[in-house]
Every structure is written in C-alpha cells, then in structure tokens.
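Here is the structure we will look at.
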Amino acid sequence: MKNWWKKIWEEEITKTAFVQEYENKFRSKTNPDTPISQLTFCVLDTETTGLNVNKDYILSFGALKVKNYQIQLNNLLEIYVEAPLVKSEALSVHEIVNKEGAKELSSFVKQSLSYVGNHIIVGHHIGFDLQMLQKTYKPFGLKKIYNKTVDTLELAVRLEKGYHYNPSFIKSEEYSLDTLCQRYNIPLHDRHTASGDAMLTALLFMKLLKSAENKGITKYSHL
Amino acid sequence: MANVIINRVREFLQSYPPFSFLDDQALEVVATSVEIRFFAQHEYLFEQGEPAQDCFFVLKEGEIHLTQSIDGRQEIYEKCDEGDVFGVMALMGRRPYRLNAQAAENSLVYAIPVQIFESILKENNRVALYFAAGFASGQVVVRNDLSKSQHARSILGSPTKDIGLLLFTGQSDVQIKQQVLTCQVGESCHTAALQMAERGVGSIIIVDESKLPLGIITDKDLRNRLVAKKLPYETPVEQIMSSPLTTMKPNANFPDLYLTMVRQKLHHLIFTEDGTAETPVVGIISDHDILLAQGNSPAVLTHGLMNTWEVKEMAKIRNRAERLLKYYLENEVSMDFVSNIISEINDLIIQRAIEISRRELQGKYSEEVKKVKFCFISLGSEGREEQLLRTDLDNALVYEDLDKETEELVRPYLLELTQSVIDILLACGFHPCPAEMMANNSKWCQPLSQWKKYFTDWISNPTEESLIHSAIFFDFRPIYGQKKLSEAMAKHIYQEIEGKSIFLNFLAKNAIMNPAPLGFFRNFVVEKSGEHRDKFDIKMRAMMPLTDIGRLLVLSHKMVDVNNTFKRFEKLAEVEPRNKEIFLEAAKAYEILMRIRAIEGLKSDSTGRYIEPSKLGKLQRQLLKNAFYPIDELQALLRVRFQLDYFKG
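Top line first, the protein sequences correspond to chains A and B. First residue of the first sequence? That's 1 in our numbering, and the numbers climb one at a time after it. First residue of the second sequence? That's 224 in our numbering, and the numbers climb one at a time after it.
Listed below in structure tokens is the structure:
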C-alpha cells in the first residue's frame, strides 16, 4: 500500500482516474438561472482529529443530498477513514479512532468525490471541511475543489443581518450549529458524528433556503 | 455499522403504529427507504383530486391540516400531529386524494414509498388491519368500520398473549372431557359409586336406554341423598340424581358456556351432540376444570360471595373483582361477557346484603311484617347491567299494596332494611347517589300503586325533572324479591306511554340535546373550566346520548327485558332490519366507550368519566373518534322519526 498521507507534502503528483472524472463534471457550467428547486445540494460534515489543517486529518465523513427540499435516505454517504500509520506518540489515540469498517484513504477519496460530484456543497463553517478535504484529495492529483459552496453559517448571517454584513463581525457562538438549530427549532440529535451533523446542517439549510427563497433568492446565481 | 440518520428515523417510526408492528428487519428496510421532505407553512403536500403520489406520509415535526374543499371554502377535516399517518390513498388502490394536505406550520414529513410498503401490507396482518380499520388520519370512516376497528384494536392492542387470556377470547385451553362415565336408569347407586371409584371421578351421568342424558350423580349426592338419608345401596340411581341437566353444544364458545355455569351456579355442564337432552352425551366439563385453568376467576368470586356473611369479606371480593375487570379490559375480553360477569357479581353483593340485613332484623319485627312482598330494583347504569366500576348507587324498592294499617307497620321495617342494605353496599366500596336516588330514601321506597303514580306523572308531565327521572328510573331491573312487582311496573309504563306518545317526543328531544362531538378532531370538545378543565366528558358527550337513544327506541317498540344499551341496539337491529347497520354500529360504539371509560377509571381510580384526550394513545384516540359517528347518524334518525324539527317541546 502506498502511503498517501506522506504524499500530501510532496510536489509532483500524478492525477488519478477518479480525480479526472470529477474534474470532467465541471466542463459544462450550471445555468445561472436554474431555479433552486432543481439544484442538488450535497450537505456534508467531517470529523477530524483536530482543528489544525496541516497536522490533523479526517476520521469520518457524512454526506447527504437535498433536492427540492427532499432528502432520500437510501442515498446517504457515511465513511470512516483509516487513520494513517503513525508509530510514534499518538498510537493510543489512533487505536481508538480506527473503527471497524474504516476505509482506506484512496477508496474514501474515490467514493466521496464521486458522491459530491459537481453538486453545490453545503456545510456549517464549510471552509474548514473544504480545506481538510482539499488537503486529503491533493495526493490523488486534485488541485482544488471546484464546487460552488454554501456555508449555512454565512447564509444565516446573510438572512438575519443582511447581504452586506461582514460575517467576521458576528459573535461566533451566536451562529454555531447548536445555537442555530435551537433558534430554528431543530432538535439536536447525534451531535459530533459526521452524519448526525450533516443531517442537522441539512435541516437547518432547508429552513434557511426556504426563507431565502421568500426573500427573492430563487436561482443558482443568487446563491 | 448503521447510519445514525437511519437509526434516528427508525427510532421515530418505531414508536408509532403501524410501524410499531414491524419487526427490526422490515423497519430497517422502511427507514432506509424514507424520503425526508420539508414543507414551509401554508405549502400544500397534495391537493384534493390530484392523483395519488407513490408514497404516503408520516408527520415528523410540525402540523399538517387535512382539509376538504366545500363550495370554495376549505374546512378542516383533521389536524395531524407528530406520528400521524396520512395521505394513504396511495396505498389503498391509488385513488385520487379526497382531501388537501397543507402545512399549518413548517413541517418535516417522512414520505414512505408505496412500493416498499405494499409487500409489508401483504405479509403483516396487523399492519393491514391498521389500514383496513381506518386508523390513518383522513381515512373515511364508513359504516361497518367500527367492528373492524374494534377487532383491529383488540389485535393491535395486545401483541402478547398469555395462556390465561385465551380462556376468554374464544380459544379456551379448557379441555372438555370426552370420555363421560355413564350408567343406565335402574342401576343401583352402589354400581354407580363403584364405577366412579374405579375411574376416580366425582360424577356420573345417568342415561336412558337410548343413551340420552337424564341426570347426574356426584360425590355430594351420594353423601347427602343416600348415606345421610340412610337409603340402601340398592336404591336406583334415578332416585337420587339431579335432574334435569343443563346441556350445551360441544362447540359452544367458551364465554357462553362459562357464563351459563356462573349464572345457573352449575358445577357440571353436559355436552350433547346438538346441545339438547334429546341427543347422546359427548362431553362434560366441571367448574373444577375451569378453576384449575383460571386461578382467580369469576366463579371463585361468586362462590366466595355466596358463602360469606361477612361484609368485610364481601368488600374484599369486590376489590378482587375489580382486578379481574382490569385484566379483562386490558385483554379485550368481549364487553358482553365482562359486563355480564361484573353485573352478576354486583347483583350477588346486593342480594347478599339484603339477606344479611334480613337476618339482622330477624327478631326485631313480627312475622306479619316480615312477610311483606317487595322487590329491590337497581336503576341507571346498574339497572342496565353496565356498571363496571363502583360508581354511584341508584336503586329503589317497590312493595305490594297494603292497607293503611299494615303499611304503617311495614314501612319502618322496609326503611330499616334498605338503610342496612345501603350501608353494606357503601362498605363494599360503592358510592352513594348524590341525588339520593336510593332505596333507603323514603320517597323511593314505595308501594306499587305509588310507583305507578310516579311513572304516570313523569310520562304525562314531561318536565325537565321528569326527564332526568326517566333517564334513571326507566332503566330498572329487579335484583331481589318479587319479580312480579317490577313486571307490573313495566306493564304500567307501556300502558301509560300508549296514550301519550308526546312523551317519546320529549325523550327524543332530550336525546339530541348533546350533539355528537364530531368536528373537533385534534381537540375533543373538552370542559372549559373547573376541576375537569381540558378533559373530555365521555359520559355526557358520548355515552349518555347513546343510552338515551337506546332507551327511547326500546320504549317506542315496547320491548321488555332488554336493559343493556348495546343489547338494546342489537335488539333494535333485529326489529328494524332497515337500520340494522347503524344500530349494530351504535352497539359497538357503546361497547368501545364503556371499555375506554372503565380503563380510564381504573387507571385514575375515578369514575373514568373525564378523559384527557392528550393522554390517550393514538389508536385509542382514533377508536374513540370513530365511535362518535353512530351518535350523529342516530340523532339524525331521531330528528326525522320524531319530527323534532317541527316539535316545539
């Protein structure tokens, strides 16, 4: 087995077939006038070993698709990722995190990329997840995640404070997933599992999107 | 490892019927196939007339209104809340929707693909019953559905069966002994006893030359009628046998034969080929067999009551009867059987109380006074054999007409007697009637002639008060003493009504005063203030209208000896085949109401009259709603039949 994790820091990488396939999906651009009801959103969340993009890595990944305010439960993705073999200090931690059924890194990348496709990626504080994913995908030849993204945190701020409000001014605890779920009457379940958080985010997203639609945000280009 | 999202959906579904009837595997399949849909306030899920979608719905969060478009307006047909199943047209033959479904607030809905569920519907009987019986929201309740829903509930309600319950649900575990020991007439008692000894049994059936049963001899007969009487062993068996025999068909259902034994206080029941004594014996069952199979049984209780002179012991037995009642109710034993058993026990307690009181007053009054003929009658719900819980006592006493002098001597005796009876009944846990309609009230302890006057007065002057009286006094039933006296009262009532049919119009008007509590689907009509705020008065809103209607129609048909409300409706169904369906529905509805009330009463240690709709289970609530329909239909029927729209009472 190649150690893909080591390659993260290498310079020259050959592009894998599934990365190529992913990139091909972006050859045709989405029509900016496509109404929201026809767009597919991929809501995702990752659980990681920590918050340092350089040092930490993904442990699990949960994603689901929302289209026209519907979520099909036979089309969910949940992957636990094999932790890299690290012989040193963190071994005990990794023993815990290496769950039964965890997937090799390469198959995680292949599956998640194919699932996400060219759909609009939705997540809470999505920037962090994107950085983690980008770093993970890099050794497989992916330079950049091309998807359009919607951050539920930013969407909430935009709806509550207005379009031009600078998100950096808000108090972050007022727009945490927990607080927003409480504010939008979404019962908190299964917090801090990738799938559970993806589900909460999706429920929050649907509520926000509906009120966005009522405020005239009705098509792709508005997002 | 199962996805947490699927798990969460599965957990939710699991707590609501019909999903609660699925096994883990099926539930997993359903949960995985769910589509979660979000609807903002005011959005429509589907509209009336639209073709059915390929899924039906379960409300996860929020509120959905099922509405009906009538003349351009939308009327709320039903409000769905968490866990309600709706939009099942898709499942039931894919007909177009007959209602609109609109989100009253932001709502999350689980859509279940019909394709997935159809196979479950085929394989799982309980799920099929759930839908067939109209338990899903917005399903039309059509006539004949009640028995189905009741049947459904009995199956859905108790998934676990233990052996004791089978006794009452028809599948008895009691074995009818098929090898019956017999001996012919003319044989000696010695021969009979010898046979019994050889076979180790306590009884022998005496048959004639053609093997037809004539009588029975038991151990007790040999002791009491032969040995104690110093009769020779050569005495022919027919001389000491008990005869005639009570016989039944071997396929008689258990409650029937059991009830026969309890009521006639039989120790043995004989089965013959066709149920009469004109065909050969095919089996026998003894009360001992039943006791063995049952433990704490009505037979044990009635036996206990008949053998005690202790009021304390009677009270204890009545408490045990309550536990028995609870057990019956929880296990959906037929209401006919339950009310029969409990009335039998109540009657026995009253009879016993009278006997005890008579004993106590033994030496206090002259033989002349004690000879007075009287009849103790039960009124109201006990009169109708519907008093499952020990609610208020309603009773009275009628005695023969006497000359003034004798009456003056007799009245103190009867009043002291009835006072003692009431005291005993109160000690047994019954509650006094707040309006003092009890036999110890001198107004309701009267000679026949006075009773006739009362009834004549109530019938010819239908005031509000007399209507109240009629609701109680017209449901009388003799419990102890001279049945002839109560029969004379009944006869008098019919004679009086004959000439004054206007009285029936008043009764009819009274019976439609409380309209069926339809139209308030999520929120039952509940009490607006006072101690019972936000509770539903099942007695006044649902049971009383049916009782009143049953009584009125029975009176109008001059039927006698049917007191029980649901039996009245069953009888009416026979008399008026045209309205058979609605009457049978009403009978079922009443049984359901009785059951729900009694369960509630036992649960809250009250009369069960006030029910908190929010605390009823989903099935229970739906069943209760369905039970309201016949009230509405019957009231419409009365309106036409007694021309109430023209009748200004």
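The beta carbon of each residue, even a glycine, is placed where N, CA and C say it ideally should be. Note that the structure is predicted; figures quoted are calculated from it, not measured.
**Interfacial residues, the stretch 251-264 of chain B to chain A, with Cβ spacing under 8 angstroms** = 254, 255, 256, 257, 258, 259, 260, 261, 262, 263
**Request:** For residue 229 of chain B, return the contacting residues in chain A, with the cut-off set at a CB-CB distance below 7 angstroms.
**Result:** 73
**Prompt:** For residue 90 of chain A, does the count of other Cβ atoms within 10 angstroms reach 16, so buried, or fall short, so exposed?
**Reply:** With a pLDDT of only 48 at residue 90 of chain A, under the threshold of 50, the placement of this residue in the model should not be trusted; the figure read from the coordinates follows. Residue 90 of chain A comes out exposed.
**Close-in-space but distant-in-sequence residues of the same chain around residue 197 of chain A (CB under 6 angstroms, 5 per side omitted)** = 45
**Prompt:** CB-CB under 8 angstroms to residue 867 of chain B, same chain, minus the five flanking residues each way: which ones, in chain order?
**Reply:** 728, 731, 732, 735, 861
**Prompt:** For the stretch 326-341 of chain B, which residues have a beta carbon sitting closer than 8 angstroms to at least one beta carbon of chain A?
**Reply:** 329, 331, 334
**Prompt:** Is the beta carbon of residue 788 of chain B less than 8 angstroms from the beta carbon of residue 609 of chain B?
**Reply:** yes
**Prompt:** Taking Cβ-Cβ distances shorter than 9 angstroms, what residues in chain B pair up with residue 38 of chain A?
**Reply:** What residue 38 of chain A touches in chain B: nothing, since even the nearest Cβ is about 16 angstroms away.
**Message:** Tell me which residue opens and which closes the beta strand (DSSP E) that residue 74 of chain A is part of.
**Reply:** 70-80
**Request:** Quick one: residues in its chain with C-beta nearer than 6 angstroms to the C-beta of residue 256 of chain B, no 5 flanking neighbours on either side, listed in chain order?
**Result:** 336, 339
**Item:** Interface flag, residue 323 of chain B vs chain E, CB-CB below 8 angstroms
**Value:** The structure shown contains no chain E; its protein chains are A and B.
**Request:** Give the range of the beta strand (DSSP E) segment to which residue 288 of chain B is assigned.
**Result:** 287-293
**Asked** Taking the alpha carbon of residue 805 of chain B as the point to measure from, which residue in B:822, B:819, B:772, B:818 has its own alpha carbon closest?
**Response** B:772
**Asked** On the three-state DSSP scale, how would you describe residue 782 of chain B?
**Response** coil
**Whole-angstrom distance between residue 409 of chain B and residue 617 of chain B, CA atom to CA atom** = 53 angstroms
**Item:** CB contact below 8 angstroms: residue 304 of chain B versus chain A
**Value:** no
**Request:** Could you check which residue in B:542, B:765, B:407 has the C-alpha nearest to that of residue 811 of chain B?
**Result:** B:765
**Message:** For residue 875 of chain B, report the span of its alpha helix (DSSP H) as first-last.
**Reply:** Since the first residue shown for chain B is 224 and the last is 872, residue 875 of chain B is missing from the structure and cannot be characterised.
**Asked** Which first and last residues belong to the alpha helix (DSSP H) in which residue 542 of chain B is found?
**Response** 534-553
**Item:** Cα-Cα separation between residue 223 of chain A and residue 136 of chain A, rounded to whole angstroms
**Value:** 27 angstroms
**Asked** Just how far apart, CA to CA, sit residue 565 of chain B and residue 670 of chain B?
**Response** 30 angstroms
**Asked** Alpha carbon to alpha carbon, what distance is there between residue 195 of chain A and residue 102 of chain A?
**Response** 15 angstroms
**Asked** Nearest chain A C-beta to residue 232 of chain B closer than 8 angstroms, yes or no?
**Response** yes
**Sequence-distant residues of the same chain with beta carbon closer than 6 angstroms to residue 170 of chain A, five excluded per side** = 157
**Asked** Do the CB positions of residue 323 of chain B and residue 271 of chain B come within less than 8 angstroms of each other?
**Response** yes
**Item:** C-alpha distance - residue 61 of chain A paired with residue 149 of chain A, whole-angstrom precision
**Value:** 17 angstroms
**Request:** Would you decide whether residue 201 of chain A is buried or exposed? Buried here means 16 or more other CB atoms lie within 10 Å of its CB.
**Result:** buried
**Item:** Assumed close pair residue 612 of chain B, residue 824 of chain B - CB separation to whole angstroms, cut-off 8 angstroms
**Value:** 5 angstroms
**Prompt:** Is residue 882 of chain B helix, strand or coil by DSSP?
**Reply:** Past the boundaries of the shown model lies residue 882 of chain B; chain B is included only from 224 to 872, so the question cannot be answered.
**Message:** Cβ closer than 7 angstroms: which chain A residues qualify as neighbours of residue 226 of chain B?
**Reply:** 76, 78, 195
**Request:** Answer with buried or exposed for residue 532 of chain B, where buried requires no fewer than 16 other C-beta atoms within 10 angstroms of its C-beta.
**Result:** exposed
**Asked** DSSP beta-bridge partners for residue 400 of chain B?
**Response** B:507
**Prompt:** For residue 445 of chain B, which of B:793, B:843, B:425 has the nearest alpha-carbon?
**Reply:** B:425
**Asked** What is the DSSP secondary structure of residue 529 of chain B, reduced to helix, strand or coil?
**Response** helix
**Asked** For residue 329 of chain B, which residues from the same chain have a beta carbon less than 6 angstroms from its beta carbon, with the 5 sequence-adjacent residues on both sides left out?
**Response** 263, 264, 285
**Message:** For residue 13 of chain A, report the span of its alpha helix (DSSP H) as first-last.
**Reply:** Element bounds for residue 13 of chain A: n/a, residue is neither H nor E.
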